Amino acid sequence: MLVDEGSGAHERPSAQALDPFAGIDLQALEKSLLRPRSLFNAAASGLVSLMTCLALVPLFSVIWMLLSHGGKRLSLTLFTELPPAPLEAGGGFGNAILGTLLIVGLATLIALPFGVLTAVFLSQAEHDNRLAQGVRFAAKVLTGFPSILAGVFAYGSVVLLTGGFSAVAGAIALSILMLPTITLTSEDAIRMVPAKMHEAAVGMGATPTQTVWTVLLPTAVPGIATGAMLAIARAAGETAPLLFTALFSNYWLASHGHIDVMRPTASLAVLIYNFAGVPFDNQLELAWAAALVLVLLVLTTNIIGQVLSSRRLEH
Amino acid sequence: MQQASEPVSLASAPIQQRSDMVIDCNIQELHYGNFHAVRDTHIPIQKRTITAFIGPSGCGKSTVLRCLNRMNDLVRGFRFKGYVRYRGKDIYDRSIDPVAVRRYIGMVFQQPNPFAMTIYNNVAFGLRLNGYAGNRAERVEDALRRAALWDEVKDKLNKSGLSLSGGQQQRLCIARAIATEPEVLLMDEPCSALDPIATRKIEELMLELKERYTIAIVTHNLQQAARVADKTGFLYVDTAKGGRTGYLVEFGDTQEIFRSPREKATQQYISGEFS
Amino acid sequence: MASPLRVSTVPGGALEDALSTGLARPPSMRQRLVNKTFLTVCQSFAWLMALLVAAIVLQIAVQATPAVKQYGVDFLTGTTWDANTKQYSILPEIWGTLYSSVLALMLGSAFGIAAAVFLAEGFLAQAIFVTLRALKLQYKPLWQRLPDRAEHALRNLIELLAAIPSVVYGLWGIFVVIPAIRPLCNQLNEDFGWISFFATPLSGPGMLPAVIVLSIMLLPTITALSRDALTSVPSKLRMAAYGMGATRWETILAVSVPTAARGIFGAIVIAFGRALGETMALAMLVGNANRISVSLFSPANTLAALLANSFPEAGPKEVGVLMYAALVLLAITMLVNVFGSLLLTRASRHLEGAR
Numbered sequence: 002m003l004v005d006e007g008s009g010a011h012e013r014p015s016a017q018a019l020d021p022f023a024g025i026d027l028q029a030l031e032k033s034l035l036r037p038r039s040l041f042n043a044a045a046s047g048l049v050s051l052m053t054c055l056a057l058v059p060l061f062s063v064i065w066m067l068l069s070h071g072g073k074r075l076s077l078t079l080f081t082e083l084p085p086a087p088l089e090a091g092g093g094f095g096n097a098i099l100g101t102l103l104i105v106g107l108a109t110l111i112a113l114p115f116g117v118l119t120a121v122f123l124s125q126a127e128h129d130n131r132l133a134q135g136v137r138f139a140a141k142v143l144t145g146f147p148s149i150l151a152g153v154f155a156y157g158s159v160v161l162l163t164g165g166f167s168a169v170a171g172a173i174a175l176s177i178l179m180l181p182t183i184t185l186t187s188e189d190a191i192r193m194v195p196a197k198m199h200e201a202a203v204g205m206g207a208t209p210t211q212t213v214w215t216v217l218l219p220t221a222v223p224g225i226a227t228g229a230m231l232a233i234a235r236a237a238g239e240t241a242p243l244l245f246t247a248l249f250s251n252y253w254l255a256s257h258g259h260i261d262v263m264r265p266t267a268s269l270a271v272l273i274y275n276f277a278g279v280p281f282d283n284q285l286e287l288a289w290a291a292a293l294v295l296v297l298l299v300l301t302t303n304i305i306g307q308v309l310s311s312r313r314l315e316h
Numbered sequence: 005m006q007q008a009s010e011p012v013s014l015a016s017a018p019i020q021q022r023s024d025m026v027i028d029c030n031i032q033e034l035h036y037g038n039f040h041a042v043r044d045t046h047i048p049i050q051k052r053t054i055t056a057f058i059g060p061s062g063c064g065k066s067t068v069l070r071c072l073n074r075m076n077d078l079v080r081g082f083r084f085k086g087y088v089r090y091r092g093k094d095i096y097d098r099s100i101d102p103v104a105v106r107r108y109i110g111m112v113f114q115q116p117n118p119f120a121m122t123i124y125n126n127v128a129f130g131l132r133l134n135g136y137a138g139n140r141a142e143r144v145e146d147a148l149r150r151a152a153l154w155d156e157v158k159d160k161l162n163k164s165g166l167s168l169s170g171g172q173q174q175r176l177c178i179a180r181a182i183a184t185e186p187e188v189l190l191m192d193e194p195c196s197a198l199d200p201i202a203t204r205k206i207e208e209l210m211l212e213l214k215e216r217y218t219i220a221i222v223t224h225n226l227q228q229a230a231r232v233a234d235k236t237g238f239l240y241v242d243t244a245k246g247g248r249t250g251y252l253v254e255f256g257d258t259q260e261i262f263r264s265p266r267e268k269a270t271q272q273y274i275s276g277e278f279s
Numbered sequence: 513m514a515s516p517l518r519v520s521t522v523p524g525g526a527l528e529d530a531l532s533t534g535l536a537r538p539p540s541m542r543q544r545l546v547n548k549t550f551l552t553v554c555q556s557f558a559w560l561m562a563l564l565v566a567a568i569v570l571q572i573a574v575q576a577t578p579a580v581k582q583y584g585v586d587f588l589t590g591t592t593w594d595a596n597t598k599q600y601s602i603l604p605e606i607w608g609t610l611y612s613s614v615l616a617l618m619l620g621s622a623f624g625i626a627a628a629v630f631l632a633e634g635f636l637a638q639a640i641f642v643t644l645r646a647l648k649l650q651y652k653p654l655w656q657r658l659p660d661r662a663e664h665a666l667r668n669l670i671e672l673l674a675a676i677p678s679v680v681y682g683l684w685g686i687f688v689v690i691p692a693i694r695p696l697c698n699q700l701n702e703d704f705g706w707i708s709f710f711a712t713p714l715s716g717p718g719m720l721p722a723v724i725v726l727s728i729m730l731l732p733t734i735t736a737l738s739r740d741a742l743t744s745v746p747s748k749l750r751m752a753a754y755g756m757g758a759t760r761w762e763t764i765l766a767v768s769v770p771t772a773a774r775g776i777f778g779a780i781v782i783a784f785g786r787a788l789g790e791t792m793a794l795a796m797l798v799g800n801a802n803r804i805s806v807s808l809f810s811p812a813n814t815l816a817a818l819l820a821n822s823f824p825e826a827g828p829k830e831v832g833v834l835m836y837a838a839l840v841l842l843a844i845t846m847l848v849n850v851f852g853s854l855l856l857t858r859a860s861r862h863l864e865g866a867r
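Here it is as structure tokens:
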């Protein structure tokens with residue numbers, strides 16, 4: 002609302018009355034914590050920061066416990082000795098380490114080809130292909146699947162069929178948990194191969210299979226490997242599926258020169274579970290040491306996966 | 005509305021010309037789903053010539069080119085009425101395997117797209133694909149020489165194809181395409197992603213390749229068409245009925261098209277670009 | 513039109529008649545065969561994958577059927593589990609599963625969403641930048657990328673929480689969490705025992721330690737998914753609020769969070785699904801007592817923990833009953849998971865109009 006200065010009015014009303022903005026308190030522009038809005042803002046930021054810090058406390062606590070309690074027992078005997086009986090001193094969990102490697106290895110052997118081939122199908126299928134949509138939905142459903150139910154399924158199909166607990170049953174249970182991750186990340190990796198490279202192969206008259214094997218898969222390997230590493234890391238830490246499929250064993254895997262995969266097999270995760278609830282100090286210490294080894298194993302695999310994925314981005 | 009000009013009449017062409025025709029492309033209707041992309045485009049492509057398709061963007065030049073080696077099959081909803089006869093055989097016939105077609109009719113794309121492999125393996129890709137049992141290294145060298153790239157890469161055949169510059173990558177793609185000596189080479193705006201010097205090299209290359217191969221090229225660069233093409237087809241967009249349907253306006257010797265075009269649309273387009 | 517998946521089985525010989533150009537050959541018999549076979553193999557594996565889910569559900573259902581017929585709905589409503597008298601029922605476990613998951617979800621969501629907001633708003637990067645600026649170091653090459661690196665490191669740290677196996681969390685819970693909270697809990701029980709939540713003392717394992725550890729395990733999932741939801745809020749919406757003079761938190765609460773609400777809710781539902789299926793930490797911390805109690809300090813049991821503890825030594829009759837329990841767990845988790853992923857899909861579609 003402007004004052005028309007040339008109006009010729011004789012009486013000049015006070016500037017205050019005609020200028021609606023004259024009453025602005027310019028002091029209010031200054032920063033001040035005393036105002037409720039600013040106070041709330043600062044308090045909320047502080048609260049959220051505090052909560053985030055608190056969220057990290059368990060991480061550091063776990064790492065501290067692993068290093069202090071588990072680190073105490075770190076030595077070569079862990080890898081060379083068998084689990085001790087209650088009230089026995091010393092011992093190690095060499096068989097459990099080997100068992101974890103064996104079971105996870107078998108599971109990868111099953112889940113990796115299965116997942117990659119399914120991913121090839123998904124990436125090459127038409128947009129409206131019903132089977133592809135169904136498979137993707139199935140993979141998403143399996144992603145959040147409770148790990149113990151994978152064990153239940155393996156129990157019902159393998160253990161009951163073969164009449165006993167075995168590393169193979171455990172591997173099958175773990176492969177069910179690894180499958181969705183490997184399938185979905187592999188499909189992503191294949192789709193990320195530049196379309197123009199795919200076009201070039203098709204333009205040269207390559208059959209779909211040749212396009213997949215000579216161009217798509219080789220280029221997608223880093224992405225597939227990342228997904229596989231993540232799945233392996235997760236599987237290595239799983240306990241529930243192994244509890245009644247691979248069970249546990251206090252003996253070495255190999256006897257008389259060959260490895261028997263159809264026997265109950267020790268694993269780091271089950272060892273920790275078994276020893277965690279006993280009142281014997283020796284075994285408790287071993288549980289912590291096993292936890293440290295397991296976490297190191299999982300972290301290393303995770304890190305390898307992350308490194309592979311950042312290498313891929315450089316392309 | 006613009007009438008499609010009379011295409012070069014095949015019936016009245018001298019017999020000599022007819023047997024020299026490698027590809028006889030007649031697109032009556034072409035749709036992508038509901039989109040009517042091209043109509044009434046009849047183009048003869050003759051042996052050992054360079055045929056250029058020119059026209060404003062969106063007039064379907066690339067679409068027409070991609071019909072010649074069935075690359076359009078990859079697009080969802082592609083429908084086609086007409087024929088594309090390669091040496092007399094309609095490659096859209098049900099009995100024809102598109103994968104086989106693409107072995108005889110090669111393509112170089114707008115964006116250089118070497119594989120993530122060594123330079124050697126890029127060029128040898130087609131040789132392996134076609135089960136070539138002879139000396140691969142020899143053919144690779146031959147192709148790279150013809151693509152005018154040999155001197156630049158002969159010491160680094162084991163380096164990745166992606167490590168080359170844009171112009172070199174495109175020449176690599178050309179070497180890859182000609183290693184198996186396809187009869188026809190389709191080139192979709194091969195120089196649009198390149199700088200002027202690389203462009204000139206590739207144009208020289210095209211004129212050399214003409215000795216052995218038949219080339220069809222899409223280009224938005226009129227000067228380029230004038231420089232390299234023997235025959236030129238001018239496509240335009242029909243916006244009647246609210247769509248954007250491409251069609252062939254005029255086809256003939258490049259010199260005629262540029263100096264004395266018969267259709268008004270052609271004249272307007274060419275003078276518009278040159279002025 | 514023909515898709516790349518279908519290759520004509522007629523040899524390209526139709527073309528060969530007129531041709532003998534260069535080195536090109538149509539695909540050989542072998543190449544065609546290999547192509548067909550490989551594509552069929554891939555399709556078969558895809559079928560296998562789709563059928564796997566069905567197979568798992570069917571197998572558990574079939575093995576549970578005898579027990580379902582025998583115990584019927586009483587299985588779900590009774591409270592005794594006695595192998596000697598063959599009286600089996602899982603209401604305490606159903607209660608324990610739901611109670612522990614809901615509590616853990618509340619705790620985990622509070623901290624998880626707070627961490628997600630912290631990450632999405634970039635508070636850490638900003639704080640570091642302000643500090644650097646005070647020290648006049650903010651543009652020096654050595655320090656320039658510190659704020660972004662710190663944010664990245666923080667995200668990785670939170671994801672590290674997810675990498676720790678649940679059995680290790682169980683071990684940690686036994687030796688750190690329970691001793692740490694026991695004095696306080698017993699104090700609460702003494703002073704405020706009349707409140708039903710504090711009605712029993714904490715003698716060791718119980719609902720609260722399990723809930724605390726479970727919430728820590730849920731946190732990375734909630735944070736990651738919520739952070740994604742928050743960062744996909746188009747910045748033009750936030751700019752609109754800032755432009756009107758809103759404070760940072762007014763913008764967060766009035767614009768960012770409501771817009772990201774569906775994604776955050778989806779994250780919570782997915783985390784809920786994970787909580788329901790979580791086994792080890794609960795098996796080691798919840799006390800494995802077949803009791804229904806609202807008290808936070810009372811031992812309890814969950815479906816997953818029941819299965820973990822009973823399966824290894826179960827005789828054939830008991831296996832059938834455990835299969836029934838597994839079926840119940842399967843049904844609950846599937847429902848929640850499907851619901852959650854539908855929510856997330858709808859959430860991302862909902863945002864498309866705002867872009």
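Going down the list, the sequences are from chains E, D and W.
For the first sequence, our numbering puts the final residue at 316, and the numbers step up evenly by one.
For the second sequence, our numbering puts the final residue at 279, and the numbers step up evenly by one.
For the third sequence, our numbering puts the final residue at 867, and the numbers step up evenly by one.
All C-beta atoms in this analysis are idealised placements derived from N, C-alpha and C, irrespective of residue type, glycine included.
The model shown is predicted, which means the values in this text are computed figures rather than measured ones.
Burial state of residue i, where buried means 16 or more other Cβ atoms lie within 10 Å
i, result
"tryptophan 253(E)", "exposed"
"arginine 106(D)", "buried"
"lysine 93(D)", "buried"
"arginine 750(W)", "buried"
"proline 242(E)", "buried"
Residue i in three-state terms, based on DSSP
i, result
"tryptophan 65(E)", "helix"
"serine 715(W)", "coil"
Contact with chain E by residue i, beta-carbon distance below 7 Å
i, result
"glutamine 271(D)", "no"
"leucine 252(D)", "no"
"leucine 700(W)", "no"
"asparagine 813(W)", "no"
Same chain, Cβ closer than 8 Å to residue i, neighbours up to 5 away in sequence not counted
i, result
"isoleucine 304(E)", "none"
Other residues of its chain near residue i: CB distance less than 6 Å, five sequence neighbours each side excluded
i, result
"glycine 37(D)", "Gly81"
is_contact[residue i, chain W] using C-beta, thresh 7 Å
i, result
"glutamine 6(D)", "The predicted model places glutamine 6(D) with a pLDDT of 38, which falls under 50 and marks its position as unreliable; any figure quoted below should be read in that light. Output row for glutamine 6(D): interface = no."
"tyrosine 274(E)", "yes"
"tyrosine 136(D)", "yes"
"leucine 118(E)", "yes"
"alanine 277(E)", "yes"
Chain D within 7 Å of residue i, Cβ atoms only
i, result
"leucine 535(W)", "yes"
"lysine 197(E)", "yes"
"methionine 205(E)", "yes"
Candidates the options, of which the one nearest residue i by Cα
i, options, result
"serine 66(D)", "Gln259(D), Ile274(D), Gln272(D), Phe238(D)", "Phe238(D)"
"glycine 634(W)", "Pro659(W), Thr733(W), Gly755(W)", "Pro659(W)"
"tyrosine 677(W)", "Leu749(W), Leu834(W), Ile728(W), Leu644(W)", "It should be pointed out that residue 677(W) corresponds to proline in this sequence rather than to tyrosine. Of the candidates Leu749(W), Leu834(W), Ile728(W), Leu644(W), the one whose C-alpha sits nearest the C-alpha of proline 677(W) is Ile728(W)."
"methionine 66(E)", "Pro280(E), Thr302(E), Val294(E)", "Val294(E)"
"valine 157(D)", "Asn139(D), Asn125(D), Pro48(D)", "Asn125(D)"
"alanine 292(E)", "Phe94(E), Glu89(E), Asp261(E)", "Phe94(E)"
"phenylalanine 276(E)", "Asn251(E), Pro265(E), Asp261(E)", "Asn251(E)"
"leucine 847(W)", "Ala247(E), Val142(E), Ser76(E), Leu27(E)", "Val142(E)"
is_contact[residue i, chain A] using C-beta, thresh 7 Å
i, result
"alanine 220(D)", "In the structure shown, chain A does not exist; the protein chains are E, D and W."
Neighbourhood of residue i by C-beta, 7 Å cutoff - its chain only, sequence neighbours within 5 removed
i, result
"glycine 62(D)", "Val241, Arg248"
"alanine 817(W)", "Thr791, Leu794, Ala795, Val798, Asn800"
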